[in-house]
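Novice:
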Amino acid sequence: MKSQRHQLILRLIGEQQIATQEQLLTALAQEGMVVAQATISRDIAQLKLRKNGAYYEIEPDIPQGKAANLRMILRSSIVGVEGAGHTVCVRCEVGMAQSVCVAIDALKPAGILGSLAGDDTIFLLCKTEQDMQKVREEIRQYATASNH
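Read left to right, the sequence shown gives residues 2 to 149 (this note's numbering).
1. Would you be able to state if there are at least three C-beta pairs under 8 Å between the region 78-93 and the region 121-138?
2. Determine the extent of the beta strand (DSSP E) in which residue 85 is found, giving its start and end residues.
3. Mind checking whether the beta-carbon of residue 110 lies closer than 8 Å to any heavy atom of the ligand MN?
4. So residue 144 and residue 82 are supposed to be a Cβ contact under 8 Å. How far apart are they, rounded?
5. Which residue's Cα is closest to the Cα of residue 6: 44, 22, 20, 18?
6. What is the rounded straight-line gap between the Cα of residue 11 and the Cα of residue 77?
7. Going by C-alpha to C-alpha distance, which of 100, 55, 126, 2 sits closest to residue 70?
8. By Cβ distance, which residues of its chain are closer than 8 Å to residue 28, with the 5 residues on each side in sequence left out?
9. Against chain B, with Cβ distances strictly below 9 Å, would residue 105 count as a contact?
10. Jot down the residue ranges of each uninterrupted beta strand (DSSP E) in the region 10-59, minimum 3 residues, whole runs only, in chain order.
11. When burial is assigned at 16 or more other CB atoms within 10 Å of the CB, is residue 148 buried or exposed?
12. Do you know offhand how far residue 116's Cα is from residue 102's?
13. By the 10 Å Cβ neighbour count, where 16 or more other Cβ atoms means buried, how is residue 95 classified, buried or exposed?
14. Compare the Cα-Cα distances from residue 132 to each of 32, 110, 24, 33 and report the closest residue.
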């Protein structure tokens, strides 16, 4: 039962933008699976779901030490992040765009269709303008984390 519920939760968050546990409970009930809120809280932790902006998504499967290293690369190398349309433009220290792009790709922000890196600039193509805004803010948070 638990594995079926977990599979259903993963399918639902992949198909819908679910922002709250209550929305997840409702979506599960519409699929014929009624569970308690406490069960959903445990499921979210066990499935390593996280909030990306307002919606739940699967946490990237990156070992903690590696994730910290990737974030350190982003903090030390990004000098600016802007967005337009469906594209995020990430400006980096000269020669660091390839490394930053690899780090961004490994962290897998939701909504990115593809990435392209030059010497000091990265373009990230997003599915929608809303995705662009979320990705831009997530990368800005990575870039400014060391400044506090």
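Note that CB positions come from ideal geometry on N, CA and C, so glycine has one too. Note that this is a predicted model, so its numbers are computed, not measured.
Specialist: On the basis of the data shown:
1. yes
2. 79-85
3. Of ligands this structure carries none, so the ligand MN is not represented either.
4. 6 Å
5. For the residues 44, 22, 20, 18, the minimum Cα distance to residue 6 belongs to 44.
6. 34 Å
7. Minimum Cα distance to residue 70 is reached at 100.
8. 13, 17, 19
9. You won't find chain B in this structure, because it holds only one protein chain.
10. 50-53, 56-59
11. Low confidence applies to residue 148: its pLDDT is 39, below 50, so where it sits in the model is not reliable, and the reading given next is rough at best. Under this definition residue 148 is an exposed residue.
12. The C-alpha of residue 102 is placed about 7 Å away from the C-alpha of residue 116.
13. exposed
14. The shortest CA-to-CA distance from residue 132 to any of 32, 110, 24, 33 is the one to 110.
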